[in-house]
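Here's the structure we're looking at; comments come further down.
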Amino acid sequence: MPAILDDISAEILDLKKKIGATILAHYYQEGEIQALADITGDSLKLAREATKVDSPVIVFCGVLFMAETAKMLNPAKKVLLPDLQAGCSLVDACPADKLERYQERLRANGHKFQTVCYINSSAKVKALSDWVVTSGNAEDVVRNKVPQGYEILFVPDKHLGAYIKDVTGRDMILWDGSCMVHEIFSLGDLLKMKKQHPAAKTIAHPECPANILGHADFTGGTEAMIKHVGSFTAPTEFLVATEANMMWELQRRFPQHTYLGVPGVSCSCNKCPHMARNTLEKVRDCMKFGKPEVLWQPEFDKAKEVLARSLLNPPVAVTPVVEDHPHGD
Ligand code: 13P
Ligand code: SF4
C-alpha cells in the first residue's frame, strides 16, 4: 500500500468500506491497482481465494473469465469487473460451438478422450470439459486426475498444452489457440539479452512458445515464478518472459534482484491490452455505481461443477466424476 494515497486510491478505499468489498487483483494488473488489492495472485490462487471471501461484494481486477470463475465459485457474492470488455485472446480462440463440433467428430472417429480446458476459456467451454486447469495445476491434473487410457483434448492454449504434453508424456490433441502477449516474445531479443547478461536467469510462463521455453532456466505460472525467484538469496538478474506487470510484484517482494522484461517482436513492454482496460478510475466507478456486474448465466451451473472438482481441494459439493466420458463417450 503506498504511504501517501492519491485521491482516487483514497476514494476506492472509502468505497470498499462503504459497500463491503474485497478487491482481488491478478499479477498482470498495473502496480497501482495491485497496491490497493486485499489479495493478489495468479488465476489459481484468486479462484481459491474467491471461495473464502465473506464480504458481500468482490471487485475482480483481472479479465472476464477470472471474474466469472469467482462468481461461479462463490455465487452468493456480487462480483464487479471494472471493465466488462476485458477479455482474453485464448477465450476468443475457442468458441464453444466449434469445440462441441470437434468433440463430436473425435467421438465419431472412435477417439476415447477427456477434454481439459485452460481456465482462460468461456463458461460454455468449461461446461463442455471434464477438467479445468490453470498454469499452476495443469501438470498435476493431467498426471493424476485424467484417467490413464484416455487421450486428452487440450483447449485452447497450444503452447501450454505442448509444454504439459512434453513434461507428462500424455497423449494429447492440442487446440490451436494462444495468448497474444506470450506468443510474441522475440527470440532474437532474448538471445541478445542472454549474451549481454550471461549470469542472468531466464524465467518464462508456459504460455510462451517452445522456442522461448527452450531457452528458459525456469518455466512456471506466475505464482510458481514468485516462489522460484524467492529461492535465490544473492542478488541475481532475471530475464522475465511474461506480462510486464509481473515485475511489479517481483520487485516488491524481492527488491534485491534485478528484473529485465523480455520484449515482444512488436513492442518493448508486453502488457496485456485486456488487463490494461482496468484503470483506477474504472475500479472506483464500478464500486460507486455497483456495475458492471458479472451475472449468473445458464452455463455456469455445469461449468461450476467442473471448476470445483478441478481446482478446489477438497472439492465443494459437485456431481461425482464418472469413469465414462460425461459427454456420452
Ligand atoms: P496464471 O495466472 O496462471 O499465471 O496465468 C497467466 C495468465 O495469462 C492469466 O491470464
Ligand atoms: Fe489472455 Fe494473455 Fe491477456 Fe492472460 S495475458 S488475459 S492469457 S491475452
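Here our numbering = 1-based position in the sequence shown + 13.
Where a beta carbon is used, it is the ideal one built from N, C-alpha and C, also for glycine.
Between ligand 1 and Cys130, a heavy atom-to-CB distance of less than 7 Å is absent. Those residues that bring their Cβ nearer than 5 Å to a heavy atom of ligand 1 are Asp55, Ser56, Thr147, Ser148, Gly234, Thr235.
In this model, Thr255 and Ser199 are separated by some 12 Å (Cα to Cα). The C-alpha of Ala237 is placed about 18 Å away from the C-alpha of Ile225. Each residue's CA atom was taken as its position, placing Lys84 and Asp184 some 33 Å apart. For Lys301, no beta strand (DSSP E) run applies; the uninterrupted alpha helix (DSSP H) run containing it begins and ends at 293 to 302, by DSSP. Only buried fits Glu62, as 16 or more other CB atoms lie within 10 angstroms of its CB. Under the three-state reduction of DSSP output, Ile186 falls in the strand class.
At least one heavy atom of ligand 2 lies less than 7 Å from the C-beta of Ser102. Taking 7 Å as the cut-off, the C-beta of Tyr41 counts as close to a heavy atom of ligand 2. By a beta-carbon distance limit of 8 Å, Asp230 does not contact Thr246. Their separation comes to about 17 Å. By the C-beta density criterion, Gln98 is exposed, having fewer than 16 other C-beta atoms within 10 angstroms.
In terms of side-chain proximity, the C-beta atom of Val194 is found nearer than 7 Å to a non-hydrogen atom of ligand 2.
Looking at the DSSP output, Tyr131 shares a beta bridge with Val146. The closest heavy atom of ligand 2 lies less than 7 Å from the beta carbon of Val76.
Beta-bridge partners of Val168 (DSSP): Cys130.
Scanning Glu306, Thr235, Ser22 for the CA closest to the CA of Pro69 turns up Glu306. Secondary structure note for Lys214: its beta strand (DSSP E) is the uninterrupted segment 214 to 217. When C-alpha distances from Ala106 are compared across Asn133, Arg114, Val129, the shortest belongs to Asn133. Burial state of Cys280 is exposed, judged by a 10 Å Cβ sphere holding fewer than 16 other Cβ atoms. By a beta-carbon distance limit of 8 Å, Gly243 contacts Phe267. Their separation comes to about 6 Å. Pairing Leu273 with Leu203 gives a Cβ-Cβ distance that is not under 8 Å.
A straight line joining the alpha-carbon of Asp153 with that of Lys295 spans about 37 Å. The stretch 186 to 251 contains, as complete beta strand (DSSP E) runs of 3+ residues, the segments 214 to 217 (chain order).
In the DSSP secondary-structure assignment, Thr271 is bridged to Glu250. When the alpha-carbon of Thr292 is set against those of Arg322, Glu45, Lys240, the nearest one is in Glu45.
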